[in-house]
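>
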Amino acid sequence: MGGNASWLLGYVVPFLFVLTIVVFFHELGHFWVARRAGVKVVAFSIGFGPEIVGFNDRHGTRWKLSAIPLGGYVKFLGDENAASAPDRDALGHMSEADRRESFFHKPVGARAAIVAAGPIANFILAIVIFAGLFMTVGRQVTTPQVDAVQAGSAAERAGFQPNDVILAINGTPIDSFGDMQRIVSANAGEQLAVEVERGDQRLTLEATPDLREVTDTFGNVHRIGVLGISRDTGGGQVRTERFGPVQAVTMATQEVWFIVDRTFSYLGGVVTGRERADQLGGPIRIAQVSGQVATFGMAALLQLAAVLSVSIGLLNLFPVPLLDGGHLLFYAIEALRGRPLSERAQEMGFRIGLALVLMLMLFATWNDILNISKS
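full-length UniProt numbering numbers the first residue of the sequence shown as 1 and each following residue consecutively.
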């Protein structure tokens with residue numbers, strides 16, 4: 001019993017906390033814009049399947065918590081199911097009053113805005129969380145100085161020396177040792193122009209990070225780029241900086257862009273063979289990471305929620321039928337043609353999209369199981 005309670009509190013609760021925040025704001029984006037476009041929202045659900053608890057608001061929307069907590073949906077008037085597939089029979093028998101509130105009878109621009117609002121809400125949520133953390137918790141900063149160079153490392157080959165201060169990488173200013181690590185870790189095998197200060201000189205060193213498998217505190221293995229330099233963090237070398245609202249929002253936006261850029265870089269690496277697809281994770285992996293991160297406290301868990309929010313927002317923008325990006329693709333074609341695709345074409349698209357999404361989920365879950373078996 002004690003083991004089950006520990007597992008529940010350690011993994012399930014943090015997982016549900018993180019996922020519920022992200023899903024709620026994604027669906028809230030759809031809901032908020034739909035209401036302002038005059039669309040009737042039939043249901044707002046966190047989770048799928050049978051309803052556990054719910055209530056009706058004064059506009060007739062059923063707000064509910066459902067049994068399978070792996071997503072959520074907003075159902076509009078005229079939807080056949082949670083995937084917003086049109087109910088053709090219901091649409092054909094609608095009254096004029098219902099047509100005015102039906103999602104599928106709105107102009108293509110309004111429908112596109114409603115669909116795009118979900119992923120946009122995810123990006124906004126991430127910026128708000130990151131900015132809030134920068135203002136309250138702050139960011140730990142260590143001067144980007146080289147204290148030691150590992151023998152035989154990429155840094156030694158590039159000519160780094162102890163006491164070098166890193167100023168910029170590929171033209172991007174470096175303010176802390178952490179900034180340098182993030183850029184290097186994401187660019188294994190890529191040549192970087194590193195500007196350093198050595199005494200009263202400024203030099204540019206050409207360095208190509210080596211690809212290494214690094215094990216974190218929890219035993220998770222990550223394949224990242226490393227230079228082979230280290231920084232002494234003792235003796236008051238690490239300081240915490242807090243930022244004002246404007247700077248915090250700017251930094252939060254940059255953080256979101258970094259995640260987006262790193263995601264595309266990784267996916268591009270998978271396609272070209274530079275990266276392994278075993279880093280893709282599913283619900284089991286998210287639950288595991290949530291439990292691990294929760295041990296560091298609420299700030300770390302919120303940071304994970306922000307990262308996951310960006311990932312879900314970005315994933316939903318992929319032009320795959322069934323996802324928001326697939327709907328937007330159909331609406332773009334409709335705007336160009338002046339009429340929607342045929343029912344058959346849309347139905348085939350949704351079937352292909354469903355197959356792709358299911359394949360991705362199965363592949364990610366298989367990766368989760370393999371990672372657990374290795375740990």
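Note that CB positions come from ideal geometry on N, CA and C, so glycine has one too.
A quick note: this is a predicted structure, and the numbers were derived from the prediction, not measured.
1) Can you round the beta-carbon distance between Thr208 and Glu190 to whole angstroms, since I take them to be within the 8 Å contact cut?
2) Distance, Cα to Cα, Val141 vs Val13?
3) DSSP three-state call for Arg339: helix, strand or coil?
4) Counting only beta-carbon separations shorter than 8 Å, does Val74 have a partner in chain D?
5) Considering just the uninterrupted stretch of the alpha helix (DSSP H) at Arg198, what are its terminal residues?
6) So what's Phe363 in DSSP terms, helix, strand or just coil?
7) Using three-state DSSP, classify Pro319 as helix, strand or coil.
8) Spatial neighbours of Ala345 within its chain, please: CB distance less than 8 Å, with the 5 preceding and 5 following residues excluded, ordered by chain position.
9) Take Leu19 and list the residues in its own chain whose beta-carbon comes closer than 6 Å to its own, dropping the five residues that flank it on each side.
10) Please classify Ile312 as buried or exposed, where buried requires at least 16 neighbouring CB atoms within 10 angstroms.
11) Assuming Gln201 is part of the beta strand (DSSP E), what are its boundary residues?
12) Using only CA atoms, which one of Val137, Val194, Gly199, Asp200 lies nearest to Phe296?
13) How is Val357 classed by DSSP in three states: helix, strand or coil?
14) Pro50 to Ala67, Cα distance in whole Å?
15) For Val22, count neighbouring Cβ atoms within 10 angstroms of its own Cβ and tell me buried if that reaches 16, exposed if not.
16) For Val226 and Val196, which I take to be in contact (beta-carbon distance under 8 Å), what is that distance rounded to the nearest angstrom?
17) Could you tell me if Phe264 is buried or exposed, where buried requires 16 or more neighbouring beta carbons within 10 angstroms of its beta carbon?
18) Is the CB-CB distance between Ala186 and Arg139 below 8 Å?
19) So what does DSSP say about His93, is it helix, strand or coil?
20) To the nearest angstrom, how far is it from the Cα of Val41 to the Cα of Met251?
21) When DSSP builds the beta bridges, which residues end up paired with Tyr73?
22) Have a look at Pro144, Lys75, Ile120 and flag the residue whose alpha-carbon is nearest the alpha-carbon of Ser102.
23) Note down the Cα distance separating Leu211 from Ala37, rounded to an integer number of angstroms.
24) Tell me whether Gln254 is buried or exposed, calling it buried when 16 or more other Cβ atoms sit within 10 Å of its Cβ.
25) Taking just the CA atoms, how far does Ala121 sit from residue 428?
26) What does the alpha-carbon distance come out to for the pair Gly168 and Leu362?
27) Shortest alpha-carbon distance to Pro162 belongs to which of Val184, Gly199, Thr172, Arg111?
28) Buried or exposed: where does Asp324 fall if 16 or more other Cβ atoms within 10 Å of its Cβ makes it buried?
29) Which complete beta strand (DSSP E) runs does the segment 118-204 hold, if anything under 3 residues is left out?
30) Run the CB neighbour count on Leu317, radius 10 Å, all protein chains shown included, and call it buried at 16 or more, exposed below.
31) Would you call the segment 123-136 in contact with the segment 298-307, where contact means no fewer than 3 C-beta pairs closer than 8 Å?
32) Can you pull the DSSP bridge partners for Ser66?
Taking the definition as stated:
1) 7 Å
2) 31 Å
3) coil
4) Among the protein chains of the structure shown there is no chain D, as only one such chain exists.
5) Arg198 -> not in any alpha helix (DSSP H); beta strand (DSSP E) instead, spanning 192-198.
6) helix
7) coil
8) none
9) none
10) buried
11) 201-207
12) Val137
13) helix
14) 6 Å
15) buried
16) Not confirmed; about 17 Å, so no contact.
17) exposed
18) no
19) coil
20) 35 Å
21) Ser45
22) Lys75
23) 50 Å
24) exposed
25) Any question about residue 428 goes unanswered here, given that the chain covers just 1 to 375.
26) The question names Gly, but residue 168 is Ala in the sequence shown. Cα to Cα, the separation comes out at about 41 Å.
27) Gly199
28) buried
29) 139-142, 165-169, 192-198
30) buried
31) yes
32) Glu51
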